[in-house]
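J.: Numbering (the numbering used here), first residue to last: 52 to 373.
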Amino acid sequence: MSPHLRPYLALLCIALSAFSVPAVLAGFSVSGRSLLVQASIVLVLGLSLLAYRRLRRAPAIQLGLEAALWSIGLSSTFNFPMHVILSHKAAYADQALARVDVTFGFDVATLVNFTSAHPWLNRASSLSYESLHLVSVIAILLPALALRRAWTSELLLALGLSIVASLLILTRLRAIGPWVGGHFPVSAAQAHCENALRALESGSRLAIDVSRSAPFIALPSWHVILAVLSAHTLGRFRGARIPALVWASLLGLSTLTSGWHYGVDVVSGLAVAGLALVASKRIHRYWATIDRLRRAPRFEPELDSVSAVHASLRNYSDADAG
Numbered sequence: 052m053s054p055h056l057r058p059y060l061a062l063l064c065i066a067l068s069a070f071s072v073p074a075v076l077a078g079f080s081v082s083g084r085s086l087l088v089q090a091s092i093v094l095v096l097g098l099s100l101l102a103y104r105r106l107r108r109a110p111a112i113q114l115g116l117e118a119a120l121w122s123i124g125l126s127s128t129f130n131f132p133m134h135v136i137l138s139h140k141a142a143y144a145d146q147a148l149a150r151v152d153v154t155f156g157f158d159v160a161t162l163v164n165f166t167s168a169h170p171w172l173n174r175a176s177s178l179s180y181e182s183l184h185l186v187s188v189i190a191i192l193l194p195a196l197a198l199r200r201a202w203t204s205e206l207l208l209a210l211g212l213s214i215v216a217s218l219l220i221l222t223r224l225r226a227i228g229p230w231v232g233g234h235f236p237v238s239a240a241q242a243h244c245e246n247a248l249r250a251l252e253s254g255s256r257l258a259i260d261v262s263r264s265a266p267f268i269a270l271p272s273w274h275v276i277l278a279v280l281s282a283h284t285l286g287r288f289r290g291a292r293i294p295a296l297v298w299a300s301l302l303g304l305s306t307l308t309s310g311w312h313y314g315v316d317v318v319s320g321l322a323v324a325g326l327a328l329v330a331s332k333r334i335h336r337y338w339a340t341i342d343r344l345r346r347a348p349r350f351e352p353e354l355d356s357v358s359a360v361h362a363s364l365r366n367y368s369d370a371d372a373g
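1. Could you tell me the alpha carbon to alpha carbon distance between D158 and V93, rounded to whole angstroms?
2. Taking C-beta to C-beta, are I65 and F129 nearer than 8 angstroms?
3. Tell me the DSSP bridge mates of S85?
4. The ligand SAM and K140: does any heavy atom of the ligand fall closer than 7 angstroms to the residue's C-beta?
5. Does the stretch 119-137 come into contact with the stretch 283-298, if we say contact requires no fewer than three beta-carbon pairs (one atom in each stretch) closer than 8 angstroms?
6. From S319, S53 and F70, pick the residue whose C-alpha is nearest to that of V261; which is it?
7. Note the first and the last residue of the continuous alpha helix (DSSP H) segment covering S71.
8. Jot down the residue ranges of each uninterrupted alpha helix (DSSP H) in the stretch 117-152, minimum 4 residues, whole runs only, in chain order.
9. Can you list, in chain order, the residues of its chain with a C-beta nearer than 6 angstroms to that of D145? Leave out the 5 residues immediately preceding and following it.
10. What's the call for A370, buried or exposed, on a 16-neighbour Cβ count within 10 Å?
11. Hey, would you say T306 sits closer than 8 angstroms to Y180, going by beta carbons?
12. Do you know offhand how far S319's Cα is from A291's?
13. Does DSSP put L354 in a helix, a strand or coil?
14. Kindly indicate the opening and closing residues of the alpha helix (DSSP H) around I191.
15. So A324 is in the alpha helix (DSSP H); what residue range does that whole segment cover?
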């Protein structure tokens, strides 16, 4: 992993964690169980990483442990600013997003009702949607275990940039989901999400679960963002590009067929992930250029230009005298 990246990831994790203070002051509490679980995982991974570095062994495992630590840190602290932003009252943009969908021909309700009418299709949609956690973990660990340091570094930076972009969008636009208005039956998870958002809107404060990201960001779709980042990383392995692309496409479709997102959420997720990847690659190329310049040998002339001319003249005079 690029050494330039570590301080930036550390600063981002610190900045995200700092939002825990205004979150608690705003009346939120932190789930003690989830905090204990995450702290235990981080402690075990951190001690393992220190042990391997001290022994100077298994660089692939070292990189995997470090990648896991950074990803856990980002995903856990992501919750604090999200809840702080949502604690400030603002109008929900569901009607506006629904109008955008209609303008571009997206009809989430039709997709959901059609999928629900076919049990096998509904099951496939659920499996695709739920596969994100496993595949994203593989996308974090596999390049690291294969010692693809650049791939791991670019993925983590893109993840951090996507978090920042999503939070900035959340400050200006928030939504509940396309099920608002009774267009299709609501699942238990969707009802829980809406009830939580309504509670926040009414001034209630929830317990923050740092073990998983709260499903409160509609636009951009975080499922789509993580799917794009994971598929891009896994697709860099030989022979995995097409399977990764197919999987990401199915997962993106499942966010619509399951009713979790508007079509514009999916498009914005693609845009945020794509821009984050482009920015990450360019930043890493810049860092690589800096490293090459620092490693380039520097040649110091033994004589400056004036001394060299004088030496040449003396040699010429001596030769002529001889």
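Beta carbons are placed, not taken as given, at the ideal position from N, Cα and C, and that holds for glycine.
Computed from a predicted model, the values in this text were never measured in an experiment.
T.: Let me spell this out:
1. Within the sequence shown, residue 158 is the residue found at index 107, counting from 1. Within the sequence shown, residue 93 is the residue found at index 42, counting from 1. So the alpha carbons of these two residues sit roughly 43 angstroms apart.
2. In the sequence shown, residue 65 corresponds to position 14, counting from 1. In the sequence shown, residue 129 corresponds to position 78, counting from 1. Contact: no.
3. As a working mapping, residue 85 is identified with position 34 in the sequence shown. In the DSSP output, where bridge partners are listed per residue, S85 has none listed.
4. Of the ligands one can find in the structure shown there are none, so the ligand SAM has no counterpart to examine.
5. Three or more Cβ pairs closer than 8 angstroms define a contact, and the stretch 119-137 falls short of that threshold against the stretch 283-298.
6. The residue given as residue 261 occupies position 210 in the sequence shown. Just measuring C-alpha positions, the residue of S319, S53 and F70 sitting nearest V261 is F70.
7. Indexing the sequence shown from 1 puts residue 71 at position 20. Its alpha helix (DSSP H) spans residues S71 to L76.
8. Whole alpha helix (DSSP H) segments, 4+ residues: 130-137.
9. Start at 1 with the first residue of the sequence shown, and residue 145 comes out as number 94. Same-chain partners within the cutoff: A226, I227 and V231.
10. The sequence position of residue 370 within the sequence shown is 319, counting from 1. At A370, the pLDDT of 46 sits below 50, so the modelled position is not reliable; the number obtained from the coordinates is stated separately. With fewer than 16 other Cβ atoms within 10 Å, it is exposed.
11. Looking up residue 306 in the sequence shown gives position 255. Looking up residue 180 in the sequence shown gives position 129. Their beta carbons are under 8 angstroms apart, which means T306 touches Y180 by this criterion.
12. The residue labelled residue 319 in the question sits at position 268 within the sequence shown. The residue labelled residue 291 in the question sits at position 240 within the sequence shown. Taking the straight line from one Cα to the other gives about 25 angstroms.
13. Taking the first residue of the sequence shown as position 1, residue 354 is located at position 303. Only weak support is given to the placement of L354: the predicted model assigns it a pLDDT of 43, under 50, and the value that follows is read from those uncertain coordinates. Looking at L354 - three-state DSSP - the assignment turns out to be coil, as it is neither helix nor strand.
14. Here the question's residue 191 lines up with position 140 in the sequence shown. Element bounds for I191: L183 to L196.
15. Here residue 324 corresponds to residue number 273 of the sequence shown, with the count starting at 1. It spans G314 to R346 - the alpha helix (DSSP H) in which A324 sits, taken as one unbroken run.
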